[in-house]
Amino acid sequence: MRKIRSIQDLSFVADQTDHALTLFSGGLDSTYILKVLSTMNIKVTALAVDLGDGIDRARLQSITEHYGADLIIENATEQFIESAVIPAIQAQAQAMYMNMYPVSSSLSRPVIARIAVKTAAKLGCGAIVHTANQSQNSLRRLNGAIKHSGYRGFYGSPYEYSAITRTEKASQLSISCMQDQRQGDVSSDSNLWCREYESGVLDNPEDFMIPESLFLWSQENPSKQISEASHQVRITFREGIPVSVNEQPMPVAELIKFLNTRVGAYKIGRYLGLEHLDQDEKVLEIREAPAARMLMEAYKHLEMAALPTGYLNYKNQQEQIWTMEAVEGRWGSPLQQASRAFIQSSTEKVSGSVTYKLEKGMATAVSIVAREALYLTDRDLWEVQAARERSQRTLS
């Protein structure tokens with residue numbers, strides 16, 4: 001057994017290998033593990049992976065230096081977009097978990113794990129440490145991705161069996177002068193696709209308060225709204241890929257950031273829902289994903305306009321398979337690859353644009369223009385023509 005599951009396991013690992021790689025976000029959980037590892041006789045490299053939402057290098061450097069660890073920051077934004085975000089849009093993940101909210105960490109964890117394994121191999125690290133706990137699905141997603149990569153060292157999270165409260169962690173970090181008040185209220189995870197929050201003040205689904213300060217993209221802000229276009233936004237796709245907003249061509253990463261900032265300024269793109277753990281316990285999560293909300297709905301409108309209904313019914317089944325395989329940490333499984341292949345076969349038909357009228361908390365479609373459309377644009381004319389053509393028969 002080479003899986004790390006407790007703080008005690010870290011002590012054992014420190015006796016077995018001289019170099020460990022730990023995934024590091026600068027949050028409470030990963031900072032606490034740096035503190036723990038700093039007391040052991042092992043070289044530590046902290047790996048931060050930028051998935052498009054930006055990383056405060058100076059802050060992370062300050063923390064890692066305080067605990068005697070090296071810091072590596074890898075930018076994987078394009079890899080994340082190509083291997084996860086675009087497939088999620090096309091799969092409609094609905095890429096929505098249980099049709100409630102966009103999946104996010106399900107998309108990012110395989111990317112992070114691949115980079116961690118590659119970095120560990122390059123540095124000769126005998127262990128990869130992450131900091132997901134039992135009430136976070138990232139535990140099995142990261143473990144599964146690292147295991148399936150063929151990594152031969154120790155790996156896992158010491159929080160799986162060493163349950164330490166956020167209050168305890170914050171208290172211990174304050175003793176070493178590294179408590180970060182910004183990380184105390186909730187646990188957060190972010191990338192350019194979605195920002196999600198859990199734990200802390202969100203622990204109890206029966207009684208919780210969502211601090212408005214949590215939200216970054218979806219704060220109402222008239223100065224960032226699209227007033228120059230009469231509060232309308234037109235999203236254009238070409239063969240399943242978003243390519244422009246309001247006729248301005250943009251790379252996908254830039255397009256997503258634009259929608260997060262400008263559409264989010266209308267307080268659009270907030271989600272709340274329960275997610276299941278591996279034994280079917282449920283935990284509450286809050287998300288904001290303005291671009292995901294717009295891109296997935298626009299994509300659905302265009303494929304509905306261009307693809308036969310029977311095909312779409314079957315695609316819906318494949319979307320759910322693709323999404324649940326991702327949620328369960330089985331990224332790249334034969335089942336997910338098969339569903340992905342079917343989904344991808346339809347993308348060449350998804351070209352056109354959808355225009356939305358934006359208001360506070362609302363985005364209403366006002367135009368759907370598909371390149372290969374099956375819809376009617378003049379129903380009265382169609383009625384006349386269809387009646388004429390279909391009436392050319394005789395009774396017998």
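Per the UniProt record's numbering, residue 1 is the first one in the sequence shown, and the count goes up by one each step.
All residues carry an ideal CB built from backbone N, CA and C; glycine is no exception.
- Nearest C-alpha to Pro-249 among Asn-260, Trp-322 and Ile-235: Ile-235.
- Using a C-beta cut-off of 8 angstroms, the segment 109-118 makes contact with the segment 37-53, since at least three inter-stretch Cβ pairs fall below that distance.
- Out of Gly-124, Met-324, Val-103 and Thr-165, the CA that lies nearest to the CA of Ala-132 is found in Thr-165.
- For Gln-232, the enclosing beta strand (DSSP E) starts and ends at 232-238.
- Per DSSP, the unbroken beta strand (DSSP E) holding Thr-45 starts and ends at 43-50.
- When beta bridges are read from the DSSP output, Ser-188 appears opposite Tyr-197.
- According to DSSP, Met-362 shares a beta bridge with Glu-359.
- The beta carbons of Gln-92 and Ser-346 sit no closer together than 9 angstroms.
- With respect to Glu-285, Leu-277 sits apart: the two C-beta atoms are not nearer than 9 angstroms.
- Within the segment 99-127, the complete alpha helix (DSSP H) segments of 4 residues or longer fall at 105-123, listed in chain order.
- At least 9 angstroms separates the beta-carbon of Phe-24 from that of Asn-191.
- For Ala-363, same chain residues with a beta-carbon under 6 angstroms away, outside a window of 5 residues either side, are Ile-268 and Tyr-356 in chain order.
- With contacts defined as CB atoms closer than 9 angstroms, Lys-3 and Asn-143 qualify as a contacting pair.
- Its Cα nearest to that of Ser-83, the residue Gln-337 stands out among Gln-337, Trp-382 and Val-350.
- When DSSP states are grouped into helix, strand and coil, Ser-353 belongs to the strand group.
- DSSP places Asp-70 within a strand segment (E or B) once states are collapsed to three.
- Val-103 is not a Cβ neighbour of Ala-253, given a cutoff of 9 angstroms.
- Taking a 10 Å sphere around the C-beta of Leu-374, we find fewer than 16 other C-beta atoms and assign the residue as exposed.
- With 16 or more other Cβ atoms from the protein chains shown falling within 10 Å of its own Cβ, Phe-154 counts as buried.
- Per the coordinates, the alpha-carbon of Glu-220 lies some 26 angstroms from the alpha-carbon of His-301.
- By the neighbour-count criterion, in which a residue is buried when 16 or more other Cβ atoms sit within 10 angstroms of its Cβ, Ile-175 is exposed.
- Unbroken beta strand (DSSP E) runs of no fewer than 3 residues, entirely contained in the segment 275-354, are found at 282-288, following chain order.
- Membership of Leu-23 in the beta strand (DSSP E) is indicated by the continuous run 19-23.
- As the crow flies, the alpha-carbon of Tyr-161 is around 12 angstroms from that of Leu-10.
- In this structure, the beta-carbon distance from Glu-297 to Ala-365 falls below 9 angstroms.
- Between Ile-128 and Ala-76, the CB-CB gap reaches or exceeds 9 angstroms.
- Between the C-alpha atoms of Ile-86 and Glu-319 there is a straight-line separation of about 13 angstroms.
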